[in-house]
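A.B. asks: Residue numbers (my numbering): 28 to 237.
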Ligand code: TMP
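(1) Note the first and the last residue of the continuous alpha helix (DSSP H) segment covering residue 149.
(2) Taking its Cβ as the centre, do 16 or more other Cβ atoms sit within 10 Å of residue 129, making it buried, or is it exposed?
(3) Output the distance between the C-alpha atoms of residue 229 and residue 86, rounded to the nearest integer angstrom.
(4) Who are the near neighbours of residue 236 in its chain, counting only those whose CB is closer than 7 Å to its CB and skipping five residues on each side?
(5) Which residues in the same chain have their Cβ closer than 8 Å to the Cβ of residue 112, if we skip the five residues on either side of it in sequence?
(6) Using only the heavy atoms of the ligand TMP, determine whether one of them is closer than 8 Å to the beta carbon of residue 127.
(7) Using 9 Å as the threshold, is the C-beta distance between residue 152 and residue 101 below it?
(8) In terms of alpha-carbon separation, which member of 150, 70 and 169 lies closest to residue 83?
(9) Since residue 188 contacts residue 176 with CB under 8 Å, what's their CB separation in whole angstroms?
(10) Given this structure, state the Cα-to-Cα distance separating residue 190 from residue 137, to the nearest angstrom.
(11) Which partner residues of residue 166 appear in the DSSP bridge assignment?
(12) In terms of residues, what are the limits of the alpha helix (DSSP H) holding residue 38?
(13) Taking 8 Å as the cut-off, is the C-beta of residue 191 nearer than that to any heavy atom in the ligand TMP?
(14) Per DSSP, which residues does residue 66 bridge with? Please list them.
(15) State the beta-bridge partners of residue 90 as determined by DSSP.
(16) Looking at the unbroken alpha helix (DSSP H) that takes in residue 77, where does it start and where does it end?
(17) Quick one: using the 10 Å Cβ neighbour count with 16 as the cut-off for buried, is residue 104 buried or exposed?
(18) Using 8 Å for Cβ pairs, my map puts residue 98 next to residue 149. What's the rounded Cβ distance?
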């Protein structure tokens, strides 16, 4: 639990599981319960981090080495935490974030093979180790997620979306491993079915924080 009065919730999962839609819907549901909520995303969420986002998502697949990529994600996160997340929490707001540290552990640490500890040590330096109060893993069968993603991107995936099935499977396995290892912070939420039903499951998974 964070010492600040606000609450910090992250949504995680591979491509095409519906995170962006659910960040909006969850924020609206929390506002309806009287909370001040900010919606944000990674990479991004502050002017500096949005500038880094463009460097990370655009260009050739091999534009960066995995090590440089991990440092860029950590740098974007450091700015986002300092300029957006901590100030919001300090004034008592809820922060609902589309991806956070665990995406770096899953993509750069797991699928790219840099390992959990390297990513956690970058986070200790960049963001003083800030962790969400709750991380919600949206779980969808791989084939369903791939179909949704293909429909959304219409043939124009970003540098990560364009990676192969084995890469995305490694991402998914790492998320599961992280969730299984820390049941206090994580909840795995079924992302199948109607968007409204998924939002209701997310709210249930925050019941002890409300
Ligand atoms: P998104 O806006 O579709 O979630 O795109 C962000 C992409 O960046 C997505 O493919 C996952 C990837 N990513 C990482 O590899 N590491 C990270 O730390 C974060 C936040 C995102």
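Idealized CB from N, CA, C, for every residue including glycine.
C.D. replies: Put simply:
(1) As a first step, residue 149 must be located in the chain shown, where it is residue number 122. 143 to 154 is the span of the alpha helix (DSSP H), which, as asked, contains residue 149.
(2) Looking up residue 129 in the chain shown gives position 102. Residue 129 comes out buried.
(3) Residue numbering aside, residue 229 sits at position 202 when the chain shown is read from its first letter. Residue numbering aside, residue 86 sits at position 59 when the chain shown is read from its first letter. Approximately 34 Å between the Cα atoms of the pair.
(4) For the purposes of this step, residue 236 is taken as residue 209 along the chain shown, with counting starting at 1. Same-chain partners within the cutoff: 34, 160 and 161.
(5) Here the question's residue 112 lines up with position 85 in the chain shown. So the qualifying residues of the chain are 35, 67, 72, 122, 124 and 157.
(6) Here residue 127 corresponds to residue number 100 of the chain shown, with the count starting at 1. Answer for residue 127: yes, Cβ within range of the ligand TMP.
(7) In the chain shown, residue 152 corresponds to position 125, counting from 1. In the chain shown, residue 101 corresponds to position 74, counting from 1. In this structure, the beta-carbon distance from residue 152 to residue 101 falls below 9 Å.
(8) Sequence index remark: in the chain shown, residue 83 carries index 56 (1-based). Selected option, being the one with the closest Cα: 70.
(9) Here residue 188 corresponds to residue number 161 of the chain shown, with the count starting at 1. Here residue 176 corresponds to residue number 149 of the chain shown, with the count starting at 1. Contact flag correct, Cβ pair sits at about 6 Å.
(10) Position 163 of the chain shown holds residue 190. Position 110 of the chain shown holds residue 137. Computed Cα separation, rounded: 14 Å.
(11) If you number the chain shown from 1, residue 166 lands on position 139. Paired residue(s): 217.
(12) Residue numbering aside, residue 38 sits at position 11 when the chain shown is read from its first letter. Residue 38 -> not in any alpha helix (DSSP H); beta strand (DSSP E) instead, spanning 34 to 39.
(13) By one-based count along the chain shown, residue 191 stands at place 164. No, the Cβ of residue 191 stays beyond 8 Å of every heavy atom of the ligand TMP.
(14) Counting from one through the chain shown, the residue named residue 66 turns up at place 39. BP columns for residue 66 point to 123.
(15) As a position in the chain shown, residue 90 is number 63, starting the count at 1. Bridge partners of residue 90: none, in fact.
(16) Here residue 77 is taken as the residue at index 50 of the chain shown, counted from 1. Residue 77 -> alpha helix (DSSP H) spans 74 to 84.
(17) Along the chain shown, read from residue 1 onward, the residue named residue 104 stands at position 77. So residue 104 ends up on the buried side.
(18) Looking up residue 98 in the chain shown gives position 71. Looking up residue 149 in the chain shown gives position 122. That pair is a contact at about 7 Å.
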